[in-house]
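What follows is a short report on a single structure.
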Amino acid sequence: MARPRVLSGIQPTADSFHLGNYLGAVRQWVTMQETHDAFYCVVDLHAITVPTEPAALRRRSRVAAAQLFAAGLDPERATVFVQSHVREHTELAWILICLTGMGEAGRMTQFKDKSAKFGESAASVGLFTYPILQAADILIYQADKVPVGADQKQHLELTRDLGQRFNHRYGDTFTLPEPYILKEVEKITDLQEPTAKMSKSSSSPAGILDVLEQPGPLRKKVMRAVTDTGTEVLFDEDNKPGISNLLRIQSALTGTPIPDLVARYAGQGYGTFKKDVAEAVVETFTPIRERAEKLLSNESELDRMLAVGAERAGAVARQTMEQVRDRVGFLPKF
Ligand code: TRP
């Protein structure tokens with residue numbers, strides 16, 4: 003039996019991944035390469051749905067790819083590539099766009115949230131069709147599973163709907179993918195605002211822990227994380243959101259269950275606990291940063307690794323698209 007296939011994507015919209023990306027996506031991707039036929043892409047086409055500087059896009063795409071390899075994705079086992087290198091994504095997206103109802107696309111809550119920031123009429127049509135491009139990313143590889151954060155559930159439902167619609171209209175072509183959502187990492191929150199998600203778009207620098215950050219600033223941010231009145235290290239989401247977030251982080255990084263951590267820090271106050279959280283973060287991020295820096299110091303080698311990924315991904319995507327073109331009724335080109 004072939005291994006089940008997973009596909010996921012991450013946007014190159016920042017100069018570093020943060021702890022939420024790492025725990026919620028990247029680390030999970032690394033684990034899944036052992037048991038799955040894994041495809042992971044840096045979704046640069048998605049990044050330009052909002053205004054993006056070309057030089058920043060180029061830099062961030064390489065930074066994203068370098069961090070993926072540095073975090074443990076092995077180019078021998080996983081197919082890591084840049085979305086725009088496989089032109090078929092946009093071609094399939096167009097076909098799926100033609101299968102999507104205006105109302106259906108208009109119900110996507112992420113579009114509503116993101117476009118609200120610009121004012122709805124200033125948002126690009128690309129932002130509107132973003133989830134359909136995402137559906138194309140997934141369907142083109144016949145992915146069985148899609149490891150994503152809970153905020154992507156609606157896009158996954160749309161993906162299944164579009165795949166099913168295509169299959170129904172044109173004949174069985176696409177695998178319908180299942181979302182794969184890890185519960186305990188859903189809730190890494192902002193260190194300064196522990197009831198809000200840690201996010202590159204809304205967190206202040208002090209609230210976010212970046213993978214490529216130096217140990218000094220990382221330690222400082224953890225030590226200054228907003229905690230709650232009281233002195234006991236207890237897991238209580240409602241009354242102690244700050245400490246609860248740090249407990250979740252420490253548990254995720256060290257593999258120690260939260261109740262064991264609570265027992266270990268009983269009677270010790272916040273200071274010792276925070277110091278240990280800071281160390282766990284630094285220990286996790288430092289080797290990744292060092293490997294990423296090394297990869298980024300040799301761009302042509304990094305680009306070559308991405309070319310290998312694009313070649314493997316392209317072979318699958320071309321195969322799917324040949325079938326899709328034929329089923330839709332496009333003439334073969336001789
Ligand atoms: N929309 C996803 C996010 O913001 C990124 C993404 C693009 C993606 N294409 C994908 C995720 C395909 C999974 C599969 O996180």
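Just remember that this note's numbering sits 2 ahead of the position in the sequence shown, which is counted from 1. The beta carbon of each residue, even a glycine, is placed where N, CA and C say it ideally should be.
- Taking C-alpha positions only, T33 is separated from E78 by approximately 14 Å.
- With a 10 Å radius around the Cβ and a threshold of 16 neighbouring Cβ atoms, K276 comes out buried.
- With fewer than 16 other beta carbons inside 10 angstroms of its own, W96 counts as exposed.
- Assigned with DSSP and collapsed to three states, L141 falls in helix.
- Ranked by how close their Cα comes to the Cα of T288, the residues D328, G271 and L211 have L211 in first place.
- E285 and A66 have their C-alpha atoms some 20 Å from each other.
- In the structure shown, the three-state DSSP call for L75 is coil.
- As the crow flies, the alpha-carbon of S205 is around 8 Å from that of K199.
- In the DSSP assignment, P149 falls within the beta strand (DSSP E) that extends over K147 to P149.
- With a cut-off of 8 Å, the C-beta of I140 is classified as near ligand 1, since at least one heavy atom of the ligand falls inside that distance.
- Segment contact: the segment 306–323 against the segment 141–149, three or more CB-CB distances shorter than 8 Å; contact assigned.
- Comparing C-alpha distances from L94 to each of L135, F113, A254 and V82 shows the shortest one belongs to L135.
- Taking each of V88, Q13 and S63 in turn and checking the Cα distance to T51, the smallest one comes out for Q13.
- In the three-state reduction of the DSSP assignment, T81 falls in the strand class, which pools E and B.
- For E90, the number of other beta carbons within 10 angstroms of its own is at least 16, and it is reported as buried.
- When the beta-carbon positions are compared, D139 and V8 stay at least 9 Å from each other.
- Taking the C-beta atoms as reference points, L214 is found no nearer than 9 Å to Q112.
- The Cβ neighbour count for A4, taken over all protein chains shown within 10 Å, is under 16; the residue is labelled exposed.
- In the three-state scheme derived from DSSP, where H, G and I count as helix and E and B as strand, Y267 is classed as coil.
- Between ligand 1 and the CB of A27, the shortest heavy atom gap is smaller than 8 Å.
- Here R226 is exposed: its Cβ has fewer than 16 other Cβ atoms, across all protein chains shown, within 10 Å.
- Taking a 10 Å sphere around the C-beta of M104, we find fewer than 16 other C-beta atoms and assign the residue as exposed.
- Sixteen is the threshold: since fewer than 16 other Cβ atoms of the shown chains lie within 10 Å of the Cβ of G128, the residue is exposed.
- At a Cβ-Cβ threshold of 9 Å, Q85 and L59 do not count as neighbours.
- Counting every other CB atom within 10 Å of its CB across the protein chains shown gives D115 a total below 16, marking it as exposed.
- Contact check for T37 against P6 passes: the beta carbons are separated by less than 9 Å.
- Under the three-state reduction of DSSP output, E180 falls in the strand class.
- Measuring C-alpha to C-alpha distances from G271 to each of L236, A16 and S63 identifies L236 as the nearest.
- D153 and E234 have their C-alpha atoms spaced approximately 32 Å apart.
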